[in-house]
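Asker: Quick one: this structure, given as structure tokens, is what I'll be asking you about.
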């Protein structure tokens with residue numbers, strides 16, 4: 005007859021031995037598990053953007069991608085939009101101008117839960133290749149107004165990918181270089197030095213000024229138009245965006261049209277027919293501000 | 025009973041899944057592809073083999089009243105070992121098997137063999153028994169995985185078998201849960217018919 | 115998915131523990147030959163599942179995590195469940211003798227019911243709060259019971275039907291389960307759940 009004491013002792017001894025064995029196993033495998041994870045992540049990052057060094061700025065979510073000279077070439081972010089069968093792990097590479105350099109979607113072997121034979125096709129190169137070069141404006145499926153062809157009979161999965169990427173860009177693009185609003189205006193700049201707070205900045209790279217970025221306000225047709233412009237030392241416009249405006253929708257708001265704004269980069273355009281007052285106001289406002297701040301250029 | 029028959033009976037005659045009807049959960053859940061089925065089978069065999077060995081080694085000193093908790097402790101130790109080693113060296117397989125890796129601990133096959141055999145027999149016999157039952161389990165899962173992957177996904181171990189045409193429209197039903205039930209039902213029916 | 119109602123629906127129907135997640139199959143096929151035993155087993159499972167999810171949640175968040183002992187999770191959880199089932203068994207032997215006798219060997223087998231351990235793991239993996247974990251456990255348990263009772267009703271009819279001898283017993287049960295699983299697959303997408 006075994007006494008209760010020896011039963012408890014045997015039980016305890018076995019429990020302690022097991023725990024000790026397991027803690028050894030854990031301490032042996034844990035670093036290896038972390039390394040494998042890191043290798044996998046690095047391989048994934050390399051797949052979506054050409055860069056040498058990656059630094060995590062938000063752990064497991066956003067990385068800065070840099071070339072061998074330590075220049076920022078873009079960012080990579082990770083999103084998990086809810087697809088048809090579960091969350092879809094997507095890694096997206098974004099260059100300094102905010103266009104996609106590549107995307108990577110976890111395969112079924114890595115846990116993707118979309119329908120085999122249908123939704124799973126989002127991992128195929130044909131589908132993923134479409135995303136290269138797309139931006140916030142056209143990254144949705146055609147049905148939703150973008151330029152991506154959804155996979156036949158897998159609309160839900162395709163749509164989930166596009167919407168997830170769009171939300172990711174909206175959320176993380178500011179990491180392209182802080183602060184993103186000025187960064188998008190002056191791609192290539194690494195930092196901005198304040199000259200007049202909230203109004204005027206030097207665009208810097210490696211302690212060298214490339215140009216300036218300024219904010220201006222002008223009276224439009226129905227209210228104030230606030231805009232931000234970047235110009236190089238050669239007075240070439242690198243970018244322009246409307247920060248706020250209240251012009252007539254369908255008429256004056258045409259000043260927000262991307263094609264119109266992009267044309268500033270070639271030369272200051274003529275007024276928009278049918279929206280003469282608003283566009284004229286903007287054009288004159290930009291011109292006068294360039295005159296005003298010309299002195300800050302080299 | 026000679027040594028060899030201890031090993032072979034676990035393979036077919038007393039096959040865990042198709043004859044003894046135990047270990048059904050992992051059999052159905054992880055048999056979607058050959059890699060998953062085989063991987064799960066090997067993991068379970070590892071646990072079964074080593075728990076059988078340790079329990080057999082300790083069979084004279086384990087008090088009868090607390091034997092079940094002690095068996096559970098030993099089995100869960102080996103399950104945790106394979107859990108962490110798989111995470112470290114086979115992360116893809118680990119992610120595919122998911123919660124079923126730690127669930128190996130409640131695979132009635134393992135506790136069943138510990139109670140019925142390992143606690144009463146020599147270390148060598150227990151090892152053979154564990155190996156036989158485990159490999160029989162692995163065999164079943166691999167066969168199911170092959171059927172479900174080839175017909176349900178058009179691939180075998182990731183390689184396309186019948187060409188792209190079939191891969192675009194395979195019998196998806198077989199990869200999904202209902203398909204698992206169907207495949208095991210058919211296999212069991214075949215076994216009933218041809219193996220008495 | 116933090117909404118409790120959605121968690122419940124997902125656990126009960128959309129991700130039904132037996133037909134979609136493949137957990138709890140041994141008792142599912144073992145006990146479901148009569149509606150009465152199926153009901154009793156189902157209630158026992160709901161009870162143990164909920165209690166187990168409470169205790170393991172507390173142990174995990176209160177002891178294992180703070181002390182960095184996460185690697186002991188498997189061992190600790192299964193031992194907790196085994197002890198819990200032992201206690202439930204003793205309780206039922208005294209208070210619900212007939213049911214205890216009817217369930218027979220299947221009661222201690224709840225310990226190896228992968229559904230119970232599975233739910234405790236899923237509570238942690240899904241990072242559920244204590245309340246959400248409880249709802250998940252109850253929903254899962256109910257899903258288990260409902261499916262088992264339905265299946266038992268089907269099996270009672272199957273036993274009386276003329277069936278080819280090779281298919282009799284387990285094979286036809288599996289095929290019936292396959293059709294049930296197909297039906298439950300239809301719940302996928304309900305209320306936007308997957």
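Protein chains in written order, with our numbering: chain D, 5 to 302; chain W, 25 to 220; chain A, 115 to 308. Just so it is clear, CB atoms sit at the ideal spot from N, CA and C, and this is done for glycine as well.
1. For residue 153 (chain W), count the other beta carbons within 10 Å of its own beta carbon; 16 or more makes it buried, fewer makes it exposed. Which is it?
2. Can you pull the chain D neighbours of residue 109 (chain W), defined as C-beta to C-beta under 8 Å?
3. Does the distance from the CB of residue 88 (chain D) to the CB of residue 218 (chain D) come in under 7 Å?
4. What's the gap between the Cα of residue 155 (chain D) and the Cα of residue 197 (chain D)?
5. Quick one: is residue 183 (chain D) buried, meaning 16 or more other Cβ sit within 10 Å of its Cβ, or exposed?
6. Counting Cβ pairs, one atom from each stretch, are 3 or more of them under 8 Å apart for the stretch 101-109 of chain W and the stretch 42-55 of chain W?
7. If you draw a straight line from the C-alpha of residue 115 (chain A) to the C-alpha of residue 121 (chain A), how long is it?
8. Pop quiz: residue 80 (chain W) and residue 147 (chain W) are said to be a contact at Cβ under 8 Å. What is the actual Cβ separation, rounded to whole angstroms?
9. Pull up the distance between the alpha-carbon of residue 76 (chain D) and that of residue 191 (chain W), whole angstroms please.
10. Taking only beta-carbon atoms, is residue 65 (chain D) less than 7 Å away from chain W?
11. Work out the CA separation of residue 45 (chain D) and residue 173 (chain D) for me, nearest whole Å.
12. 7 Å is my cut-off, CB to CB: does residue 242 (chain A) come that close to chain D?
13. Could you please give the first and the last residue of the uninterrupted beta strand (DSSP E) stretch that includes residue 108 (chain D)?
14. Is it true that the stretch 186-200 of chain W meets the stretch 171-178 of chain W, where meeting means three or more beta-carbon pairs spaced less than 8 Å apart?
15. According to DSSP, simplified to helix, strand and coil, what is residue 151 (chain D)?
16. Can residue 139 (chain D) and residue 103 (chain D) be called in contact, C-beta distance under 7 Å?
17. Does the CB of residue 185 (chain A) have a neighbour CB from chain D at under 7 Å?
18. To the nearest angstrom, how far is it from the Cα of residue 126 (chain W) to the Cα of residue 204 (chain D)?
19. Strictly below 7 Å CB to CB, what residues from chain W border residue 137 (chain A)?
20. Return yes when the Cβ of residue 268 (chain A) is within less than 7 Å of the Cβ of residue 297 (chain A), no when it is not.
21. Under three-state DSSP, which class holds residue 115 (chain A)?
22. Assuming residue 198 (chain D) is part of the beta strand (DSSP E), what are its boundary residues?
23. Since residue 53 (chain W) meets chain A, which of its residues come closer than 7 Å, beta carbon to beta carbon?
24. Per DSSP, which residues does residue 168 (chain W) bridge with? Please list them.
25. Write down the C-beta distance between residue 257 (chain D) and residue 249 (chain D) rounded to the nearest angstrom, noting that I regard them as a contact closer than 8 Å.
26. Go ahead and label residue 119 (chain D) buried or exposed: buried means 16 or more other beta carbons lie within 10 angstroms of its beta carbon, across all protein chains shown.
27. Could you tell me whether any Cβ in chain A is nearer than 7 Å to the Cβ of residue 26 (chain D)?
28. Got a sec: is the Cβ-Cβ distance from residue 257 (chain A) to anything in chain W below 7 Å?
29. Could you tell me which whole alpha helix (DSSP H) segments of length 4 or greater appear in the stretch 112-148 of chain D?
Answerer: If we stick to the structure as given:
1. Flag for residue 153 (chain W) reads buried.
2. Under the 8 Å cutoff, chain D gives 29 and 33.
3. For residue 88 (chain D) and residue 218 (chain D), no; Cβs fall outside 7 Å.
4. Rounded to the nearest angstrom, the two C-alpha atoms are 47 Å apart.
5. Confidence in residue 183 (chain D) is poor, its pLDDT being 48 and thus under 50, which makes the residue's placement too unreliable to answer from.
6. Not touching, per the Cβ criterion.
7. In this prediction, residue 115 (chain A) scores a pLDDT of 49, lower than 50, which makes its location untrustworthy; the coordinate-derived value is nonetheless stated afterwards. Between the alpha carbons of residue 115 (chain A) and residue 121 (chain A) lies a gap of roughly 7 Å.
8. 5 Å between Cβ atoms; contact.
9. Going by C-alpha positions, residue 76 (chain D) is about 42 Å away from residue 191 (chain W).
10. For residue 65 (chain D), not one C-beta of chain W is nearer than 7 Å to its own C-beta.
11. In this model, residue 173 (chain D) and residue 45 (chain D) are separated by some 20 Å (Cα to Cα).
12. Residue 242 (chain A) does not count as touching chain D.
13. Run containing residue 108 (chain D): 104-109, per the beta strand (DSSP E) assignment.
14. The answer is yes - the stretch 171-178 of chain W touches the stretch 186-200 of chain W, with three or more Cβ pairs under 8 Å.
15. In the structure shown, residue 151 (chain D) sits in coil (DSSP, three-state: anything other than H, G, I, E or B).
16. Cβ atoms of residue 139 (chain D) and residue 103 (chain D): closer than 7 Å.
17. It does; some Cβ of chain D falls within 7 Å.
18. Answer to the nearest angstrom: the Cα atoms are 60 Å apart.
19. Here the neighbours are 49.
20. No; because the gap between Cβ atoms is not below 7 Å, this pair is not in contact.
21. At residue 115 (chain A), the pLDDT of 49 sits below 50, so the modelled position is not reliable; the number obtained from the coordinates is stated separately. Here DSSP, grouped into helix, strand and coil, assigns residue 115 (chain A) to coil.
22. In the DSSP assignment, residue 198 (chain D) falls within the unbroken beta strand (DSSP E) covering 195-200.
23. The CB of residue 53 (chain W) comes closer than 7 Å to the CB of 136 in chain A, given here in chain order.
24. Answer by DSSP bridge pairing: none, since residue 168 (chain W) is not bridged.
25. Confirmed, about 7 Å.
26. Result: buried.
27. Residue-level contact check: residue 26 (chain D) touches chain A, since one or more beta carbons of chain A fall below 7 Å from its beta carbon.
28. Cβ-Cβ to chain W under 7 Å: no for residue 257 (chain A).
29. Whole alpha helix (DSSP H) segments, 4+ residues: 129-133.
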